[in-house]
Amino acid sequence: MKGAKLLLPVYRLELPTPYSVGTVNSYLIYTPPFTLIDPGPDIPLARKTLNEKLLNLGLSLSQINRVFITHAHTDHCGLAQWVHELSGAKIYLHPYEWRKVTGGYDFFQERLPFLLEMGMPDEVFLRLVNNKDILPPPYITKDSLVEVTEGEDLSFNAGAFKIHHFPGHAPGHLCLYDPEEKSLLSGDFLLPHITPNPLLEPDPENKTRRSPSLRQYIEGLTRLEKMNLKKAWPGHGKVIENVPELLRSFQEHHLNRFKAILEVLSPDKKLNVYQMCQLIYPGLQGFEVFLGLSEIQAHLDVLVEKKQVIARPQGTVFFYRKAQEKMAG
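At the far end of the sequence shown sits residue 329, using this note's numbering, and the numbering has no gaps.
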């Protein structure tokens, strides 16, 4: 648990998760209205740990006035309803994320049309869609939710954070910016140890098409470069002190992924997403298969937009080939 000398007093509360990512960071803004950011997954040990860490700071869960969620993934928001029931705190969340937490959400069902286009063998497809999350989808009552989005302030007695919408890892991903300190509570948009996955997801404005997750993510990296951040407080891992260097490394990572995809394609060689995933990420198992497919599809979507790759359907499956380079002359 660490405090930070920001415009507002921020404490990082490291909580356990059942996932391979390890712990998740919840943050307490320790000034009225007392605000908890990303309260963590709904598992008994996370409940116990969160309660103990707040009590060590002299605060009880019943004193929380507000919950702010960066994005509606289970490891970040599973305890939001529990905190609301103990405290009456309203839960602030981008409207694009509401469908994931208000009941009836099926992770793979809404992605089914896009997964069927990828060319997986039947047995791989069935294993993937039956690979259920360790935890059930989070549930939050609609009457406890408050819509928040780009440009609004999250105000406190002692100051305010600016709310910024940074889609890419999730369509409704939000970050909190402290303009005085040039610091960012970055959720999963910036992580110190891994590049966030541009997850396959329907576009919230048109569910028949994929969300342009990687294009949005790269645009977000460019926005962050212009903000000249000094520090970022991520959703997982320790505080990021070298933000400009990290942003450059993420841009380079995606350039390398574009190159890797272009290297396995040619104007005469067409492959589907699953075939490319097998070549570029061999040996993936379980949910990693979905993450690998998401990564390949997101990079292909950008390459198709740039007209470097051509996509054509063959039955229900899409195949991709490298665009013919124009001869100079």
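Glycine residues also receive a C-beta, built at the ideal position from the N, C-alpha and C atoms.
Between the CA atoms of residue j and residue i - distance to the nearest angstrom
| i | j | result |
| --- | --- | --- |
| residue 10 | residue 45 | 23 Å |
| residue 203 | residue 298 | 13 Å |
| residue 12 | residue 235 | 10 Å |
| residue 270 | residue 321 | 5 Å |
| residue 103 | residue 39 | 19 Å |
| residue 181 | residue 119 | 48 Å |
| residue 98 | residue 91 | 11 Å |
| residue 56 | residue 49 | 11 Å |
| residue 131 | residue 287 | 7 Å |
| residue 125 | residue 291 | 14 Å |
| residue 96 | residue 63 | 28 Å |
| residue 209 | residue 59 | 45 Å |
| residue 285 | residue 196 | 19 Å |
| residue 273 | residue 22 | 29 Å |
| residue 266 | residue 302 | 17 Å |
| residue 86 | residue 276 | 48 Å |
| residue 313 | residue 112 | 16 Å |
| residue 243 | residue 123 | 42 Å |
| residue 308 | residue 128 | 30 Å |
| residue 133 | residue 171 | 20 Å |
| residue 108 | residue 114 | 10 Å |
Boundaries of the beta strand (DSSP E) in which residue i is found, first to last residue
| i | result |
| --- | --- |
| residue 67 | 66-68 |
| residue 314 | 309-314 |
| residue 159 | 159-165 |
| residue 180 | Note, residue 180: premise wrong, no beta strand (DSSP E); not H, not E. |
| residue 47 | Residue 47 -> not in any beta strand (DSSP E); alpha helix (DSSP H) instead, spanning 44-56. |
| residue 320 | 317-322 |
| residue 330 | It is not possible to answer for residue 330, since the shown part of the chain is limited to 1 through 329. |
Cβ pair residue i, residue j closer than 8 Å
| i | j | result |
| --- | --- | --- |
| residue 198 | residue 168 | yes |
| residue 225 | residue 255 | no |
| residue 211 | residue 201 | yes |
| residue 154 | residue 184 | no |
| residue 32 | residue 156 | yes |
| residue 66 | residue 89 | yes |
| residue 237 | residue 279 | no |
| residue 214 | residue 148 | no |
| residue 135 | residue 42 | yes |
| residue 163 | residue 150 | yes |
| residue 316 | residue 152 | no |
| residue 258 | residue 220 | no |
| residue 70 | residue 29 | no |
| residue 300 | residue 261 | yes |
| residue 76 | residue 144 | no |
| residue 8 | residue 178 | yes |
| residue 231 | residue 218 | no |
| residue 174 | residue 165 | yes |
| residue 233 | residue 19 | no |
Boundaries of the alpha helix (DSSP H) in which residue i is found, first to last residue
| i | result |
| --- | --- |
| residue 145 | Not the alpha helix (DSSP H): residue 145 falls in the beta strand (DSSP E), residues 145-147. |
| residue 185 | Segment 183-187 is the beta strand (DSSP E) holding residue 185; no alpha helix (DSSP H) there. |
| residue 127 | 122-129 |
| residue 210 | No alpha helix (DSSP H) holds residue 210; the beta strand (DSSP E) holding it covers 206-210. |
| residue 287 | 287-305 |
| residue 116 | 112-116 |
Strand pairing of residue i, partner residues [DSSP]
| i | result |
| --- | --- |
| residue 336 | This structure gives no information on residue 336, because the portion of the chain shown stretches from 1 to 329. |
| residue 14 | 25 |
| residue 203 | 206 |
Open item on the list: In chain order, what are the residue ranges of uninterrupted beta strand (DSSP E) at least 3 long that sit wholly in the region 73-103?
Closed with: 90-93
Task: Within the region 214-277, ranges of the beta strand (DSSP E) (whole runs, at least 3 residues) - done: 231-234
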